[in-house]
Amino acid sequence: MDGQENEQRGPGDVDAPARRERRWRPWRRRAGRPDGSGRARRAGVVLAVLVVALAGAVIGVLAGGRVNTDIGPFRANLTLTPAVQGSTTVDIPPLGALQLNSHDGPTHLTVRLGALDQRRTEALIDDPASISRASQSAVEDVRNGAMRLGLRTLGSAVLVALLLAALVFRDTRRTAWAGGIALAVTAGSLGLAAGTVRPQAIEEPRYEGLLVNAPAIVGDARRIANDYSKYAEQLQRLVGNVSQLYTTVSALPVYEPAPGTTRVLHVSDMHLNPTGWQLIRTVVAQFDIDAVIDTGDITDWGSEPEASFVGSIALLKKPYVYIRGNHDSPRTAAAVGRQPNAIVLNNSTTTVAGLTVAGIGDPRFTPDKNTSPAGSGLTKQVADQVIGAGDQLATTVRSSPRKVDIALVHDPASAGPLSGTCPLVLAGHTHARQVSKLPQVPGKPPTQLMVEGSTGGAGLRGLEGEKPTPLSMTVLYFDQQKLLQAYDDITVGGTGQAQVNLERHVVKDPARGAPVPVTPTPTR
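Here our numbering is used: the first residue of the sequence shown is 1344, the next is one more, and so on.
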C-alpha cells in the first residue's frame, strides 16, 4: 500500500502524509473518547427531554388534577396545582376562605365546598341530626377524595408528558424517558406532600374575606391536639359547623344583652331581591328576633305580580311592622296587610314585643328609579310632601296615649319634625347606612336617626355600579326601659360577592343615644 502511495505521490508530493492523517482522524474519533461537540449534543438532548417531561407534567396536573367528591353534606371540588410552596385553601362561599400551611412540596390543594341547594338546605333544617350524621363521614370522604385526586393527577401528568414528548421527539426511547421523569417528579411531589402533612395546621389558619365568625368554622383551637385522631374529630366538627352555617346562609356572632332585652331587626328597600328573605330568615332565627321592622320599598313597581313577593313575611312567624315606600303601591301595602303576622302603619301606632311604634307611609308613589334615592327629581312640591308626612306623624306621636319608642318614615327627609317626640327614628330610601342625631329641640330629649342600607342590595339597580350594592340590615337591642343599648350592622356582599361582615356598636349612655357621627356606607 505504501509502495503504491509512494509511486503515486511523485517527487513533489510532500503533503501526502498530512492528507492521510486527515482521512483517518474521523475514524479515530468514533473509536475513541467523544469530543466537546458530542458531549454538548448529548447534554442538549437530556435537557430537552427534561424540559418536555416537566412541561408535560405541569400541563397534566393543571388539566387533570381535579375531582368532585362528597364531603359530608357538600358536593366539594378538590384541585391540585403546582406551587412554589405547599399549602391548602378551603374555599367556603359565601363565607370566604381558609389558608392552611398544611404540607411541604410544590403542590397546592384547593378544597371548594359547594353551596347546598334549597331542597338539601331545607332537609338539614328539618332534621338537624342529619348534620351530625353527615359530618361523621367527613374524614373518610376527604381521604377517599384525596386518593382519587392523587391517582388522577399522576395519570394525567404522565399521559400528557408522553404525548408531548412523542410530538416533539418522535423517538420511542426519548418519549419513554420523558414519561418516566414525569412519573418520578409527580409521584415524588405527591409523596412529599403526603409524607409531610401537618394536621395541626388547622389550628392556625389564615382567613380571607370578612369572616367575623371564623372561630365557629374551625372550632376551638385549644381543644385540638397534634395527632390524627384529634384532627379527624376537628374535621368532623368543622364540617358540622359549616353545615349549620349553610342552613342559615352565614354565621354571625350574637350580642349577649342583659335580661329582658328586646331584639328588633330593621330592614328596608328589599326591591324584590329574594336573597334578602334568606338573610332575614337567617338573622331572625339566629338572633332570636322579637319583631321585624320594614321601612319600605319592599317591591320595585308596586304591580299585581309583585304582590306575591311579600308572602315570605308569614314564614318568619314574628311580628312584621311595615310602612309603604315610594316604590310600593297601595296594592302592595294591602298584600302585606293580608299576612297573618304583618302590621301596616300609615300615620298610626302599634305595640309589638313591648315597644310602641308609630309609622307613616311615603306620600309618593314613584316607581321610576330616577326618583329614588332622594337627590334627583326632588322639587319643592315633593319636598313639601315628604316633610309634611313627618309633620303628620309627629302630631300622631304627640297625641299617642302611650309613649312612642320608635317612629318609622321611609325617606329620612321626613324625620326632621320628629325631633324630640321619641328617642329613635328609623328610615331607609337612600340605600346607604347612616346614624345621626336630629337637631335637638330645646327642652326636649334627643332623637336618634338611623337610616338603613338596602336589604335587597337595591335590587337590579344595585348592579349598575362598579361593585354590587351590599345587602344590609341592623339588629337593634332595647333594654327594659325601651332605650337602644346596642346594635349590630350586618352587611353581606352584593351579587357575586362572598363577604359577610358584622359591626357591633354598644351605646354607652342609652338615654343620650348612640355616639355620632358614624361613617356611612355609601353604595353609589
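C-beta atoms are modelled at their ideal positions from N, C-alpha and C, and glycine is treated no differently.
### Message
Contact between the stretch 1677–1692 and the stretch 1736–1752 is defined here as three or more beta-carbon pairs at a separation below 8 Å; is this criterion met?
### Response
yes
### Query
Exposed or buried, residue 1658, counting other C-beta atoms within 10 Å across all chains shown (16 or more means buried)?
exposed
### Message
Beta-carbon within less than 7 Å of residue 1855's beta-carbon, same chain only, minus the 5 sequence neighbours each way: which residues are those?
### Response
1789
### Message
Spatial neighbours of residue 1613 within its chain, please: C-beta separation below 6 Å, excluding the five flanking residues on both sides.
### Response
1619, 1641, 1798, 1799
### Query
With DSSP run on the structure shown, which of helix, strand or coil describes residue 1464?
A caution first: residue 1464 carries a pLDDT of 48, below 50, which makes its placement in the model unreliable, though a value can still be read off. It is helical.
#### Entry: Neighbourhood of residue 1391 by C-beta, 7 Å cutoff - its chain only, sequence neighbours within 5 removed
none
#### Entry: Reduced DSSP secondary structure (H/G/I, E/B, other) of residue 1828
strand
#### Entry: Alpha-carbon to alpha-carbon, residue 1815 and residue 1830
Roughly 13 Å between the two C-alpha positions.
### Query
What is the rounded straight-line gap between the Cα of residue 1822 and the Cα of residue 1610?
20 Å
### Query
CB residue 1696 to CB residue 1634, shorter than 8 Å?
yes
### Query
In chain order, what residues of the same chain lie with their CB nearer than 6 Å to the CB of residue 1396, ignoring the 5 residues before and after it?
1504, 1521, 1524, 1525
### Task
Starting from the Cα of residue 1538, find the closest Cα among 1705, 1681, 1652, 1429 and give me that residue.
1429
### Burial state of residue 1351, where buried means 16 or more other Cβ atoms lie within 10 Å
The predicted model places residue 1351 with a pLDDT of 49, which falls under 50 and marks its position as unreliable; any figure quoted below should be read in that light. Flag for residue 1351 reads exposed.
### Query
Distance, Cα to Cα, residue 1420 vs residue 1431?
13 Å
### Message
The beta strand (DSSP E) that contains residue 1694, what's its start and end?
### Response
1691–1695
### Query
Quick one: Cα of residue 1604 to Cα of residue 1736, how far?
27 Å
#### Entry: Cβ-Cβ distance between residue 1423 and residue 1408 below 8 Å
Their beta carbons are under 8 Å apart, which means residue 1423 touches residue 1408 by this criterion.
### Task
Taking all protein chains shown into account, decide if residue 1661 is buried (16 or more other Cβ within 10 angstroms of its Cβ) or exposed.
buried
### Query
Is residue 1702 near residue 1671, with beta carbons less than 8 Å apart?
no
### Task
Output the distance between the C-alpha atoms of residue 1486 and residue 1775, rounded to the nearest integer angstrom.
47 Å
### Task
Report the rounded CA-to-CA distance for residue 1784 versus residue 1675, giving the unit in angstroms.
36 Å
### Whether residue 1759 touches residue 1787 by CB criterion (8 Å)
no
#### Entry: Residue range of the unbroken beta strand (DSSP E) whose run includes residue 1635
1634–1637
### Query
Given residue 1751, which residues of its chain have a CB within under 6 Å of its CB, disregarding the five upstream and five downstream residues?
The beta carbon of residue 1751 sits closer than 6 Å to those of 1638, 1666, 1702, 1769, all from its chain and outside the five residues before and after it, given in chain order.
### Task
Kindly indicate which three-state DSSP category residue 1835 falls into: helix, strand or coil?
In the structure shown, residue 1835 sits in a strand (DSSP, three-state: E or B).
### Message
Here's a check: name, in chain order, each residue in its chain whose Cβ is nearer than 6 Å to the Cβ of residue 1793, leaving out the five neighbours to either side.
### Response
1769, 1778
### Query
Hey, residue 1632 and residue 1606 are a contact pair by Cβ (cut 8 Å); roughly how many whole angstroms apart?
5 Å
### Query
What are the start and end residues of the alpha helix (DSSP H) that includes residue 1740?
In the DSSP assignment, residue 1740 falls within the alpha helix (DSSP H) that extends over 1723–1741.
### Query
CA-CA distance, residue 1817 and residue 1845?
9 Å
### Task
Would you kindly work out how many angstroms separate the C-alpha atoms of residue 1519 and residue 1410, rounded to a whole number?
27 Å
### Task
Taking only runs that begin and end inside the stretch 1745–1801, name each unbroken beta strand (DSSP E) of 3 or more residues, in chain order.
1749–1751, 1767–1770, 1776–1780, 1791–1794
#### Entry: Beta-carbon proximity check, residue 1687 vs residue 1700, cutoff 8 Å
no
### Query
Is residue 1403 closer than 8 Å to residue 1532 when the C-beta atoms are compared?
no
### Task
Within its chain, find whatever has a CB closer than 6 Å to the CB of residue 1849; leave out the 5 residues flanking it on each side and keep chain order.
1829
### Terminal residues of the beta strand (DSSP E) in which residue 1604 lies
Neither: residue 1604 is in no beta strand (DSSP E) and is coded neither H nor E.
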